[in-house]
Amino acid sequence: MNTAAPAPKAAAKDVEKDASMQKQKAMMAAHYDRLTSAPETGAKVCSTFVPGNLNELIGCFDLLNNLPEVNAIQSGLRRISGQYVMEAEKIGHSEDVCTYVKSDIGMMSKGNIAPNGKKFPNPDVLLLSYTGCFTFMKWFELLREQFKCETIMLHTPYMGDGCFTPNMIEYMVKQLRDEVIPKLERVSGVKFDIDRLRERLKKSAQAEDDLVHVLQTARNTPSPIDAYFGGIYYIGPIFGAFRGTDDAIEYYRFLRDEIDERLAQGRGPVTPEGDMGQERYRLVVEGPPNYTHFRQFWKMFYDEGAVVVASSYTKVGGVYDFGFRHDSSRPLETLAEYCLGVYTNRSLPMRIDMLTNYVEEYRADGLLINSIKSCNSFSAGQLLMMREVEKRTGKPAAFIESDLVDPRYFSAANIKNRLESYFQMVEQRRAGARPAA
Amino acid sequence: MGTPLSSGSTAVIIDRATRIFEDLSFSAAREWKAAQPGRKVVGYLPIYVPREIIHAAGMLPLGIVGGGDRLEVVHGDAYYQSYICRIPRSTVELGLSGRLDFVDGMLFPSICDVIRNLSGMWKLMFPHVYSRYFDVPQNYADEIGGNYYANELAELREDLARLRGAPITDEELCHSIAVYNENRQLVRELYAYRAEQPWQVPAAESHLLMRAGLVLPVEQHSEMLRDYLAAARQQQRPRRDYCRVVVTGLFCEQPPLNLIKSLELAGCYVVDDDLLLVTRWLTSDVPVEGDPLRNLATAFLHHSESTAAKFEPNPLEKGQYLVRAVRRTGAEGVIFASPSFCDPALLDRPMLQHVLADAGIPYIAFKYAENSGQMQPIREQAGTFADSIKLWSGQ
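Chains as they are written, first to last, in this note's numbering: chain A, 1 to 437; chain B, 1001 to 1395.
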């Protein structure tokens, strides 16, 4: 481990957040209030998934979007997912399967209480956007069993050969046009208006431009953002319930200005303990984080001056940094392309190319993989990915393991040891790369 | 091939099937390939690929279902975390150890994220082998999922035509469909016979026969099935006072043969299962007239097995296939046997159990790995289940 004096840190106190983080928190709170007051307002609720979600389309039917993965994350951050997971296991769900699912099921069996303390409404429709994760299909079959509501399948083919084909686009557009839209019309009672969709898609593209700008500021040294721990805040609105809305445009413009200012001032990322000290390590991270010990996990990085300059997880809802933007001139085709392009719907060679590109373009010291026990979509193949990226970039890679929202699989000492060893390896590589005196 | 075709008693036939099963170098497939210059072999993983197209290309479809309990995994574990099922690591082991060095192509069907990701790994690890992720529709409308799937089949047909260096004709495809129709009829006949008189067709023998079908040319496999059925009907085996069970969850990673034997030793006649569904995925004959790819697509959409890897659009139909299997075979209970860390089987299981509970069908559940060695707990659990059925059924 390094022997240099650690960068000065703020004394223990309340979590520090940038204004954008406060703004995002307020947006999320307002969304949860809208959801939980649906029985009173008469709003109808559409449950759907984050990767490749169709928020613009859902909005066209005045439906409120409820995302079970985000609810599980909220339960993880509030440290109640563990009891939900165990509750689900008690009623027959296997210990081997996705803990998002079990947190969701457990939450329902414990009253289905939202983060604002009020009960979630039952969904009026389950939009099974089957994109990049097999578990989604079973998850919504399980919810359908419980809620007995309309369930709409939108199957996104996998980009196994590293590209999408006209056949895939045609298949998805037909599903949207002939099945998804008519069913959403029926459930919502609202007629589909393609111009309304076009308007929302234009708004999406505007926000997407600003998000990409923010994420790419990490090419600078020091990086003004942490593109993993901080990045999770940044992607919340666009991958959640806000893409295609004025709120999202406003938020991402606000965020962009904030980060630009931070960049101009030469400041590093904000952490829960204030501005990060000296940037010592620049990392690319593959895989989702652990949410039950999110702050403790993050602290292991910023205490060492490690900043994440790019991550695959911030692409889990959709990948924008290679040029994709929602295109209002091709409304259904663009929705199809968005779904097809999400990170976990890309083949392993595509994912390796992306990570290699990140290591090089963001001038990272290496790749770190946080392998999630209950997420095969991300995790299966990661050991090969690690070796390939290492081979192609010549930069060291490391592997740690945890889980999304199951606290039983977070071993702080183990992860810290591995991280320390990894930083030591980075130092050794740097020393080896320096010319002899 | 040099070896004589299956003939004679069930013991002789099963002996041959056992040798094929135990041969992790796939000698039978190697011999087939070597017998004629230019022959090619295309491997496929569970759960289903249209073997007719491979056959029509003049190639041998080779089912790869992991390494079982006889393969020492040396390299494969370095590619997978401990919480990922066993079949991909032993499949990687088969590849890295050279056991699949004669295979010209690999198909990775849409079954789960692990097999899906393995398709990309294969492209990287074996760049000179044709490999394809084989997607299937989760939409069952002819004009939507049907068109998509027919086009996917056309792409596969073109890929294989390139591999062999000549187009695959409609006539070749129709002929192959007919050959596989016959094979599926024989498989269904075997399953029906076993359901009727399970003491005549032990589950382990049925499994070995299906496993042979993954390696042998389909014509030889059909002959083996015919010979076995004829031989089985001519010999009378002792009928025991066992209960009758359907075993489910076995559709991908294979249980050790000993596990299947243990169930019967514990007093459970296996009257239906979801082992090696590829052998009977299409539940009725595929028409041999007309557009062969459209016919295969229609069969997939409307006449194929239900399993966890498929979306069930009708909530009232969810799990009913299992209830129907129980009723059809006169089973008295269901055993959920699922590989550890198998997302499809384990995520589906609670829903299927609810359906069975509503239908008043008893069940038990356990997990296994392809290399599980300790059968005593499973035998005890299955034995207790059999006893409880015998003691309490009808009350």
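From the three backbone atoms N, C-alpha and C, an ideal C-beta is built for every residue, glycine too. Computed from a predicted model, the values in this text were never measured in an experiment.
Legend entry - Backbone secondary structure at D1062(B) - three-state DSSP: Here residue 1062(B) turns out to be Leu, not Asp, going by the sequence shown. Correct three-state label for L1062(B): strand.
Inset, instruction - State yes or no: is the C-beta of S223(A) nearer than 7 Å to some heavy atom of the ligand COA? - result: Judged by which ligands are present, the structure shown has none, so any question about the ligand COA falls away.
Inset, instruction - May I ask you to list, following chain order, the residues of the stretch 110-135 of chain A that have a beta carbon less than 7 Å from some beta carbon of chain B? - result: Y130, C133, F134, T135
Inset, instruction - Ignore the nearest five residues each way along the sequence and tell me which others in K416(A)'s own chain have a CB closer than 8 Å to its CB. - result: M300
Inset, instruction - Determine which residues of the stretch 176-195 of chain A have a Cβ less than 8 Å from any Cβ of chain B, and write them out in chain order. - result: D178, E179
Legend entry - Min CB distance P1377(B) to chain A below 8 Å: no
Inset, instruction - Could you say which of K119(A), T48(A), G287(A) lies nearest to A38(A) if we only look at CA atoms? - result: K119(A)
Inset, instruction - Quick one: measure Cβ to Cβ for V173(A) and L332(A), integer angstroms, because I've assumed they're closer than 8 Å. - result: 5 Å
Inset, instruction - Return the chain-ordered list of same chain residues with a C-beta closer than 8 Å to the C-beta of S129(A), the five sequence neighbours on each side being excluded. - result: T48, F49, P51, G52, N53, L54, F136, L154, T156, C339
Legend entry - Local Cβ density within 10 Å of F1021(B), reported as buried at 16 or more and exposed below that: buried
Legend entry - chain B within 8 Å of R418(A), Cβ atoms only: no
Legend entry - Within chain A, the residues that M1351(B) reaches when beta carbons sit closer than 7 Å: E141, L142, E145
Legend entry - Three or more C-beta pairs below 8 Å linking the stretch 404-424 of chain A and the stretch 1121-1134 of chain B: no
Legend entry - Pick from L1096(B), G1098(B), V1334(B), V1065(B) that is closest to C1085(B), judged by C-alpha positions: V1065(B)
Inset, instruction - Using the Cα positions of A437(A) and W298(A), report the straight-line distance between them to the nearest angstrom. - result: Low confidence applies to A437(A): its pLDDT is 49, below 50, so where it sits in the model is not reliable enough to give any reading.
Inset, instruction - Using three-state DSSP, classify V426(A) as helix, strand or coil. - result: helix
Legend entry - Closer than 8 Å to chain B by CB, G277(A): no
Inset, instruction - Per DSSP, which residues does T1248(B) bridge with? Please list them. - result: F1336(B)
Legend entry - Pairwise C-alpha distance: L383(A) and D1015(B): 40 Å
Inset, instruction - Please report how far the alpha carbon of I1111(B) lies from the alpha carbon of F423(A), in whole angstroms. - result: 39 Å
Inset, instruction - Quick one: list the residues of chain A neighbouring G1360(B), beta-carbon separation under 8 Å, in chain order. - result: Within 8 Å Cβ-Cβ: nothing; G1360(B) doesn't reach chain A, min ~18 Å.
Inset, instruction - Using DSSP bridges, identify the partner residues of Y1130(B). - result: G1105(B)
Inset, instruction - Assuming L1263(B) contacts A1369(B) (C-beta within less than 8 Å), just tell me the rounded distance between them. - result: In fact, because the Cβ distance is near 16 Å, the residues do not count as touching under 8 Å.
Legend entry - D124(A) vs V190(A) beta-carbon contact at 8 Å: no
Inset, instruction - Write down the C-beta distance between G1067(B) and L1024(B) rounded to the nearest angstrom, noting that I regard them as a contact closer than 8 Å. - result: 6 Å
Legend entry - Beta carbon proximity, K174(A) to chain B, threshold 8 Å: yes
Legend entry - CB contact below 8 Å: E360(A) versus chain B: no
Inset, instruction - With a 10 Å radius around its C-beta and 16 neighbouring C-beta atoms as the bar for buried, classify F378(A) as buried or exposed. - result: buried
Legend entry - Segment contact, 8 Å Cβ cut-off, at least three pairs: the stretch 362-371 of chain A with the stretch 195-213 of chain A: no
Legend entry - G1146(B) vs M1106(B) beta-carbon contact at 8 Å: no
Legend entry - Entirely enclosed alpha helix (DSSP H) segments - the stretch 78-107 of chain A, minimum 4 residues: 81-90
Inset, instruction - Measure the alpha-carbon distance for M425(A) versus Y362(A) and round it to whole angstroms. - result: 19 Å
Inset, instruction - Find the residues of chain A that neighbour N1151(B), judging by a C-beta separation of less than 7 Å, and give them in chain order. - result: N167
Legend entry - Below-8 Å beta-carbon distance, Q1138(B) vs any chain A residue: yes
Inset, instruction - Closer than 7 Å by beta-carbon distance: list the chain B residues that pair up with V97(A), in chain order. - result: D1343, L1346, L1347
Inset, instruction - Identify the continuous alpha helix (DSSP H) that holds L57(A) and give its terminal residues. - result: 55-60
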